[in-house]
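Trainee: Have a look at this one before I ask anything.
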Amino acid sequence: YTLSLAALLLAGGALGDRFGARNVFVCGLSVFTAASLGCAAAHSFAALIIARMGQGVGAALMVPTSLSMLQLAFPVLEQRSRAVGWWAAKGGASMAVGKVGSEGVDE
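With the numbering used here, letter number 97 in the sequence shown gets 131, and the count goes up by one each step, no holes.
Here you go:
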């Protein structure tokens, strides 16, 4: 997940600039959702790894475009600053919660 997210994050932002943030966000959400279903249905470790990579691709499309859409939704600087603060706080909290339960998993 993290490798595909990091590798494609800049490309996701560029695609958002080229094709529109909303369009790329919806595409990323669709990819992430399909990959999440793939994770749930995975019957092997290899299938799970491939589905997790798909989640990273979807996230790489959603993260930069979500921030771009915030800029458009909040034209007033003070409101935008508050919205970006909440965006960052929720993102950080979700990363922390997403790691819970991974300790003690046998590889």
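All C-beta atoms, glycine included, are put in the ideal place defined by N, C-alpha and C.
1. By a C-beta neighbour count over all protein chains shown, 10 Å radius and 16 as the cutoff for buried, is alanine 55 buried or exposed?
2. What three-state label does DSSP hand serine 78 in the structure shown?
3. Cutting at 6 Å between CB atoms, please list the residues of its own chain near glycine 90, excluding the five before and the five after it.
4. Please give the ranges of any alpha helix (DSSP H) in the region 78-113, keeping only runs that are unbroken, at least 4 residues long and fully inside the region.
5. Suppose you measure from the CA of glycine 138 to the CA of glycine 132; what does that come to, to the nearest Å?
6. If methionine 103 and phenylalanine 59 are in contact, beta carbons under 8 Å, what's the gap, nearest whole angstrom?
7. For glycine 47, which of helix, strand or coil comes out of DSSP?
8. By a C-beta neighbour count over all protein chains shown, 10 Å radius and 16 as the cutoff for buried, is glycine 62 buried or exposed?
9. So, using beta-carbon positions, are alanine 94 and glycine 46 closer together than 8 Å?
10. Between alanine 80 and leucine 42, what straight-line distance do the alpha-carbon atoms span, to the nearest angstrom?
11. Assign valine 97 to one of two classes, buried (16 or more other C-beta atoms within 10 Å of its C-beta) or exposed (fewer than that).
Mentor: Here's the rundown:
1. buried
2. coil
3. Tyr35, Ser38, Leu39
4. 79-107
5. For glycine 138, the predicted structure reports a pLDDT of 45, less than 50, and the residue's modelled location is therefore unreliable. A value from the coordinates is still provided. Their Cα atoms are separated by approximately 15 Å.
6. 7 Å
7. helix
8. buried
9. yes
10. 21 Å
11. buried
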